[in-house]
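Encoded as structure tokens, the structure appears first; notes follow it.
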Amino acid sequence: MTGLVYTIVLLLFADWSETQVVRSPVTSDYVDDEGSGCYERGVFFVSPKVNISTDAMMGIATPRHCQMKCWAWEECEAFTFSYDQGCFLLTDKLTDALCQQYEACIVFSYDYSTLLCTLHATEEKKTTGLTPNQLCGPRSCALWPEPPKVRGLVAESLKSAPMEDYIDGLLAKMHYLKKISQMVISTDPVGEGPSSIEKYNVNVLWPLKVEDAQIVQQTTKNHYQHSMRRKEGRRLGIPSITAVHAVHGLNAIPKATIFPHNIGLGCANDPDLMRRIAPRGGLRVDFGPRHRGATEYRWGRTYESFSENGTVTADLVQAYIDGLQEGAGTGTGVAAMCKHFLGDGGTLGGVVDGDTEIGEDELIRVHFRPFIGCLKAKVMSTMPSFNEINGIEMHQHYHYLTEILKGHFGFDGVVMSDWNAHTDIPSCTLDSCPQGINAGIDMFLLSTVGGDHYSKFIENTLQAVRNGTVPQSRINDAARRVLRLKARLRMIGPRVNALDRIGHVNMTIIGSPEHTAMAREAVQKSAVLLKNNGGVLPLKPRAGMRVLVMGKARWTYLACGGWTMGWQGQVIDEVFDNVGNSASLLEALKEHSNSNNYTVVDDEETLTPRSMETWTMGKVSCTIETSPDPAGIRTQRT
């Protein structure tokens, strides 16, 4: 057996009416895997007795969703110490419940410096996880697969000695303020104007608003040029990144082609189609593909998932990334981002941004499996998810972000936070988050629509470096990863003229016939026929035939779904009137019927019934209308 073997004796204490009860000791083998930080078996941690509120009880810290955890485990007593800082579950109940669920007592706490982790509620810093930020918990390297072999983009073109030497030279010339500035991306400079990035040189995310392509093109060009300006010889001419949400096409630009969502493309299951679709959206960095697997059907973002099958998803995202990042070495590619990492498709009850209660083996087998495709395609960036894993925010999960992703799998790209997601970490604010930095976040996405929060974040992080809360090595590593991303996009590097690499919108391809044909192919391949009683489909037009179209899906806005001309999509069709070649299912059928001698009837149009019968089943009232051409059954909730 490799390493040293220890036996830890843990005592569980509880205080009932000032009478201390000492339970039997619990032992666990601890295996030091050559300093890797991973252990072959779970290490069981409990806290000592603490004074919480007015009662003397032992508590275990957990960030949020106390009530949900109690409901899931069916056995625990929860009470809130401070909801903003976290809540506490009575240890006597919590450990029993976890033992029943996982067949092993696994308890998290916040002190990483000793083998026997402790939590003292009277010490606020430890209660909130402020210092140290690394979390105790089950460690297991043996379960994780070996790093996959890279195919698609050639690994040598993505990481070369000349490139790394160039980055070393840049870092040596950069003040920590400038390094930290590389670690910020914000929507705010778009509204403030390009001059706002001249001091800090932050990166830019195109906000969730619709603008004409000419405006997007000019704005991104201005930001790029302003970030390159040298003042008094002190600037290094490092351009800023402009990123965009191109979820299913460049959906924030009118007349751009919209493709099916991932749930449809997963039905198509065509890697070649994915490879061809991918380059049709993006500026410098595209916030996609979404690689998560949906295992909870109540989850509100299921439509962003290709499949519950991790192998299918891995193949599709690999093809998409290959297509998107192709040409990166010549400055024509777009950096892909696999999101979200990790487990957000399996939260308890399907709650968005909730808690994923899961064993590590299932986490790897179900939720990590799709990410293998990201690693094979050498994805340039990834984004942690808003959810928690067993009570720990992914944005502060040192084990998964640093030890597993960066350490075990050797991921050398950028880990970018989600939209202000660092504020969910206990003790973090919009303007400051040492815990997230130390956990492994390389770039923070800040969006406030006004204010100077990104500048405050930079200044506060600089102070955290000065007082030792954030190690200089962590800042250097994060800045190196961001610079490496820019070098891979040929924005900087040896023998690169950055001014020749201004990212822009290619006006000639927006809404092109080629893209329209590709979207049509994607729709055709993604369609799934659930029922076709009597062989009604495909339609066989005949004189006098009438087709009744019912339901909201007959309109364009619902067919396109979320991330269409806005984050949550649209609620009316009028918004599509002036955006180009769009047609709803109802409109398309009516156009087809005009030349094929049949009539399309909208369920909102007036029908002339001959007789009507209504009956009630529970809370649903159903009406059968009999007309010259039976309209079928209408259903109306009462």
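Numbers -19 to -1, 1 to 619, taken from mature numbering (1 follows the signal peptide of the UniProt record, and there is no 0), label the letters of the sequence shown in order.
Note that beta-carbon positions come from the ideal geometry of N, C-alpha and C, so glycine has one too.
Around the C-beta of residue i, are 16 or more other C-beta atoms found within 10 angstroms, so that it is buried, or is it exposed?
i, result
"residue 270", "buried"
"residue 396", "buried"
"residue 495", "exposed"
"residue 292", "exposed"
"residue 231", "buried"
"residue 572", "exposed"
"residue 377", "buried"
"residue 285", "buried"
"residue 195", "exposed"
"residue 219", "buried"
"residue 549", "exposed"
"residue 362", "buried"
"residue 533", "exposed"
"residue 679", "The shown model of the chain, from -19 to 619, leaves out residue 679, and the question about it has no answer."
"residue 130", "exposed"
"residue 368", "buried"
"residue 540", "buried"
"residue 265", "buried"
"residue 127", "exposed"
"residue 306", "buried"
"residue 198", "buried"
"residue 412", "buried"
"residue 237", "buried"
"residue 354", "buried"
Nearest to residue i by alpha carbon, out of the options?
i, options, result
"residue 474", "526, 378, 319 and 145", "145"
"residue 242", "164, 529, 321 and 227", "227"
"residue 223", "311, 421, 186 and 251", "186"
"residue 403", "129, 366, 384 and 371", "366"
"residue 446", "342, 141, 156 and 463", "156"
"residue 188", "125, 412, 205 and 225", "225"
"residue 467", "458, 148, 130 and 545", "148"
"residue 417", "428, 440, 434 and 383", "383"
"residue 289", "351, 235, 442 and 428", "351"
"residue 169", "126, 328, 323 and 400", "400"
"residue 316", "465, 153 and 183", "465"
"residue 428", "331, 398, 422 and 420", "398"
"residue 313", "498, 460, 260 and 440", "260"
"residue 311", "472, 179 and 539", "472"
"residue 569", "437, 551 and 530", "530"
"residue 380", "406, 355, 421 and 359", "421"
"residue 524", "580, 536 and 333", "580"
"residue 247", "287, 143, 256 and 522", "287"
"residue 341", "323, 357, 333 and 332", "323"
"residue 319", "392, 437, 411 and 442", "392"
"residue 410", "389, 159, 578 and 434", "434"
"residue 423", "455, 437 and 511", "455"
"residue 437", "153, 181 and 142", "181"
Quick check on residue i: does DSSP put it in helix, strand or coil?
i, result
"residue 320", "strand"
"residue 219", "coil"
"residue 343", "helix"
"residue 428", "coil"
"residue 314", "coil"
"residue 247", "helix"
"residue 233", "coil"
"residue 447", "helix"
"residue 152", "helix"
"residue 224", "strand"
"residue 473", "coil"
"residue 412", "coil"
"residue 407", "coil"
"residue 325", "helix"
"residue 170", "helix"
Does the distance between the C-beta of residue i and the nearest non-hydrogen atom of the ligand SAM fall short of 7 Å?
i, result
"residue 408", "This structure does not include the ligand SAM; it has no bound ligands of any sort."
Just list the beta strand (DSSP E) runs in the segment 515 to 548, keeping only unbroken ones of 3 residues or longer that don't cross its boundaries, in chain order. 527 to 530
Assess, as a yes-or-no matter, whether the segment 492 to 508 is touched by the segment 380 to 394 under the definition of 3 or more beta carbon pairs within less than 8 Å. no
With three or more C-beta pairs closer than 8 Å as the rule, is the segment 502 to 511 touching the segment 457 to 464? no
Quick check for students: name the residue ranges of the alpha helix (DSSP H) that lie wholly in the segment 250 to 285, counting only runs of 4 or more. Taking only runs of at least 4 residues, the alpha helix (DSSP H) segments lying wholly in the segment 250 to 285 are 252 to 258.
Would you say the segment 238 to 254 touches the segment 195 to 208, given that touching needs at least three Cβ pairs under 8 Å? no
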